[in-house]
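With positions in the sequence shown counted from 1, the corresponding number in this note's numbering is that position plus 24.
We put the beta carbon where it would ideally sit given N, CA and C, even for glycine.
First the structure, in the form of structure tokens, and then the observations on it.
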Amino acid sequence: MEPKFIRNFSIVAHIDHGKSTLADQFLLKTGAITEREFRDQILDDLDVERERGITVKARTVAIDFKYKGQVYELNLIDTPGHVDFHYEVSRSLAACEGALLLVDAFQGVQAQTVANAYAAIEAGLEIVPCVNKIDLPVTRIEEVLDEVETVIGLDASEAVMVSAKQGINIEDALAAIVERVPAPSGKPDNKLQALVFDGKYDKYRGVITYVRIKEGTIRKGQTIKFMKGGTTHEVLELGRFRPNMTPCDELGPGQVGYMLCNIKQLSIVNVGDTVTDARNPSTEALPGYKKPQQMVFCGMYPLDVSDFEKVRDELQKMSLNDASFTFVPDTSDALGFGFRAGFLGLLHMEIIQQRLEDEAELDLIQTAPNVTYELLKTNGEVVLINNPQELPDIGQIKEFREPIARVTFIAPKECIGAILKLSQDRRGIYKNTEYIGTQRAQITYELPLAEVIYDLHDRLKSATKGYGTMDYEVIGFRDAELVKVDILVKGNRVDALSTIMHRSVADRRGRSLCKRLKEEISKHQFEIPLQAAIGARIIARETISALRKDVTAKCYGGDISRKRKLWQKQKEGKKRLAQFGEVEIPQSAFLSVLDMNDDE
25 MEPKFIRNFS IVAHIDHGKS TLADQFLLKT GAITEREFRD QILDDLDVER ERGITVKART
85 VAIDFKYKGQ VYELNLIDTP GHVDFHYEVS RSLAACEGAL LLVDAFQGVQ AQTVANAYAA
145 IEAGLEIVPC VNKIDLPVTR IEEVLDEVET VIGLDASEAV MVSAKQGINI EDALAAIVER
205 VPAPSGKPDN KLQALVFDGK YDKYRGVITY VRIKEGTIRK GQTIKFMKGG TTHEVLELGR
265 FRPNMTPCDE LGPGQVGYML CNIKQLSIVN VGDTVTDARN PSTEALPGYK KPQQMVFCGM
325 YPLDVSDFEK VRDELQKMSL NDASFTFVPD TSDALGFGFR AGFLGLLHME IIQQRLEDEA
385 ELDLIQTAPN VTYELLKTNG EVVLINNPQE LPDIGQIKEF REPIARVTFI APKECIGAIL
445 KLSQDRRGIY KNTEYIGTQR AQITYELPLA EVIYDLHDRL KSATKGYGTM DYEVIGFRDA
505 ELVKVDILVK GNRVDALSTI MHRSVADRRG RSLCKRLKEE ISKHQFEIPL QAAIGARIIA
565 RETISALRKD VTAKCYGGDI SRKRKLWQKQ KEGKKRLAQF GEVEIPQSAF LSVLDMNDDE
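Now the structure itself:
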């Protein structure tokens, strides 16, 4: 198809504003799926997406739309809304020329609406404002349009009014995309340049590479070259998503599709790489993507040591499918060989763990997560610390810096006091307050990232009765009074339970953590002391009492000395057990480090 009849666009919005529902209606109205095939969130094909009701992966689909007698090919990319998957959104935007900005007719502009709109503006996309859920019994459409103009700075006079749930005005939204989103600029006769924007591994067919053709044409049977690694491969199958994988003979400029080259080695395919013709290669690679900055790290260890290689293979497949996830081999005295994995946030971490357990059927022990810290050593060297175990001796540290995030809250004006208290309790620095209309305010704070990712979102929802939303971005590192808190179980340091925290809360959280561990670790035949320590100083202690067996149950009456002998024998046995016995620490104990509810 000629590039002038192709439109590439994304749907961007805040969580739960109806992106996936609108995508479903686009497929239905254009005949890409039938009424019989129709189901809610058809593009959310991962089990974890359907269970949680959220989009995790951006999904691509090509649909044909007839407008004024001409058939247009619309390549739609449905994107996630949660802040943890912002990198997934940015990758999708790089493959588009336009974006449909969806805003709820009642809730209006929210934190992620602003963040995703600015990401689309920075990518140079044409933005089409669209107000969804106009069928709600209570709407405030005029105020919402004002918010779009004042907060985001877009002209809302030609905003499209739709109801994705009821299928109202869906054709108007498609027509607006055809009219307002520019056609791709590539030419079919130029040298081939195709952007690798995603991929997944199929155990029967190898790596399936998702590409957006920028220049030239790619054909079945052609020999292509990956510019990053320099490897050449024959294209065995080429196709598009309609919404299922549908083979075709060629893809031209502006088109989005997939290719199969019988690649079994995962390291060959890199997201952001450029594909070109091996015989007539392009001299320049496409800009690709800015590398994502993982800010949350945790250990992942196989429950069975013999599964180490299997875990490595599955993590490699996951990192191909999710480029914002990274991992490196790691060892722990308590848990053996495993991996140190990096994520963009806590929800991202939960989703990856669930996908590994459900899709790959892995049994994993996951340690408590921590953020990345920056150290200025006394010798002037600056290093990043992802693992509390890598922390050098305190005498070598000149400055211990923690990551700082700029957090934007949007909430009803009567909730401003609750947000100020919430932020002050987490060592926040107030920046400014701006009013959005007459009823809502946008409050900006600078907060330590560690205080943001753990439970701030949940606390915000509680404090604002569900009406508050937040978005954050990491802006740098700042010196702070930070300490490493170690946990000792039966006198032995459990490296997987070590955390870094601010000195002002270390004593309180150390006590709280020991109490929670006491509840999580089951009783053994011997007494187990649990201690929290900063260096050599013990700051908290709890004791799990020994499990007592009634050794005198078989004694009926008689002299007390017989019972005393049995009790003495039991006592000596417990001493031996305490000397050699191993304490079994369950998975829930490692995650109890996260639970801050008792600390407040």
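Could you check where the alpha helix (DSSP H) with Arg204 kicks off and where it finishes? Ile194 to Arg204 is the extent of the alpha helix (DSSP H) around Arg204.
Per DSSP, the bridge partner or partners of Ile568: For Ile568, the beta-bridge partners assigned by DSSP are Ile552.
Opposing strand residues paired with Phe351 [DSSP bridges]: According to DSSP, which records beta bridges pairwise, Phe351 is partnered with Ala365.
Exposed or buried, Val138, counting other C-beta atoms within 10 Å across all chains shown (16 or more means buried)? Around the beta carbon of Val138, a 10 Å sphere encloses 16 or more other beta carbons of the protein chains shown; the residue is thus reported as buried.
Environment of Pro416 [buried if 16+ CB atoms lie within 10 Å]: When all chains shown are included, Pro416 counts as exposed.
Taking Cβ positions, are Ala474 and Glu426 nearer each other than 8 Å? A contact, by the Cβ cut-off of 8 Å.
Under the assumption that Ile552 contacts Val509 (Cβ atoms under 8 Å), give the Cβ distance between them as a whole number of angstroms. With a Cβ gap of about 19 Å, Ile552 and Val509 do not count as contacting.
With Lys437 and Gln466 assumed to form a contact (beta carbons below 8 Å), what rounded beta-carbon distance in angstroms separates them? About 11 Å separates the CB atoms of Lys437 and Gln466; that is not less than 8 Å, and the two are not in contact.
Distance between Glu338 and Glu505 (C-alpha atoms, nearest Å): Looking at the two C-alpha atoms, the distance is approximately 39 Å.
Can you give the beta carbon distance from Pro267 to Leu51, rounded, assuming they're within the 8 Å contact cut? Their Cβ separation, rounded to whole angstroms, is 6 Å, which keeps Pro267 and Leu51 in contact under 8 Å.
Could you say if the segment 308 to 328 and the segment 362 to 381 meet the contact criterion of at least three C-beta pairs nearer than 8 Å? The segment 308 to 328 is in contact with the segment 362 to 381.
Can you pull the DSSP bridge partners for Arg502? Residue pairing by DSSP places Arg502 opposite Glu426 in a beta bridge.
Contact belief for Pro153 with Leu178 at Cβ below 8 Å, rounded distance in angstroms: That belief holds up - the Cβ atoms of Pro153 and Leu178 are roughly 6 Å apart, short of 8 Å.
Inside the segment 170 to 251 only - alpha helix (DSSP H) runs reaching at least 4 residues: If only uninterrupted alpha helix (DSSP H) runs of at least 4 residues are considered, those enclosed by the segment 170 to 251 are 194 to 204.
Going by DSSP, what residue range makes up the alpha helix (DSSP H) through Ala47? Lys43 to Lys53 is the span of the alpha helix (DSSP H), which, as asked, contains Ala47.
Among residues of its own chain, excluding the 5 on either side of Gly296, which ones have a beta-carbon nearer than 7 Å to its beta-carbon? In the same chain as Gly296, and ignoring 5 residues on each side of it, the C-beta atoms closer than 7 Å to its own belong to Val220, Gly312 and Tyr313, in chain order.
Rounded to the nearest angstrom, how far is the Cβ of Pro208 from that of Asn32, given a contact under 8 Å? Correct: roughly 6 Å between the Cβ atoms.
Counted within 10 angstroms of its Cβ, other Cβ atoms place Met283 as buried (16 or more) or exposed: Buried, since its Cβ has 16 or more Cβ neighbours within 10 Å.
DSSP state of Ile434 mapped onto helix, strand, coil: Of the three classes helix, strand and coil, the one that applies to Ile434 here is strand, per DSSP.
For my contact list, Ala520 and Ser356 are in at a C-beta cut-off of 8 Å; report their separation, rounded to the angstrom. About 5 Å separates the beta carbon of Ala520 from that of Ser356, a gap short enough to meet the 8 Å contact definition.
Return the CA-CA distance between Asp622 and Gly369, expressed in angstroms with no decimal places. Caution is warranted here: a pLDDT of 46 is assigned to Asp622, below 50, making its placement in the model unreliable, and the coordinate value is therefore given only provisionally. Across the structure, Asp622 and Gly369 are spaced so that their CA atoms are roughly 22 Å apart.
Out of Thr241, Ile287 and Gln420, state which residue places its alpha-carbon closest to the alpha-carbon of Glu26. Residue Thr241 is the option with its Cα nearest to Glu26.
Report yes if the CB atom of Leu386 is closer than 8 Å to the CB atom of Ala429, and no otherwise. No, the Cβ-Cβ distance between Leu386 and Ala429 is not below 8 Å.
What do you reckon, are the CB atoms on Leu645 and Asn286 nearer than 8 Å? Since the first and last residues shown for the chain are 25 and 624, residue 645 lies out of range.
At 3 residues or longer, and completely inside the segment 438 to 489: list those beta strand (DSSP E) runs for me, N to C. You should have 453 to 460 and 464 to 472.
So, are the CB atoms of Gly276 and Lys238 less than 8 Å apart? Note that the C-beta distance between Gly276 and Lys238 is not below 8 Å.
Rounded to whole angstroms, what is the Cα-Cα separation between Gln603 and Lys547? Since pLDDT at Gln603 reaches only 48, below the 50 mark, its modelled position is unreliable, and the value read off the structure follows with that caveat. Answer to the nearest angstrom: the Cα atoms are 16 Å apart.
Proximal residues to Glu173 (C-beta, below 6 Å), its chain only, five neighbours per side dropped: Answer for Glu173: Ala180, listed in chain order.
Let me make sure I understand the geometry here. Which of Ile176, Val36 and Pro206 has the alpha-carbon closest to that of Leu124? Nearest of Ile176, Val36 and Pro206 to Leu124, Cα basis: Val36.
When the distance is taken between beta carbons, is Ile151 closer than 8 Å to Met185? Result no, Cβ atoms of Met185 and Ile151 do not sit closer than 8 Å.
Leaving aside the five residues before and after Leu198 along the sequence, list all residues of the same chain whose C-beta is less than 6 Å from its C-beta, in chain order. Excluding positions up to five away in sequence, the list reads Phe89.
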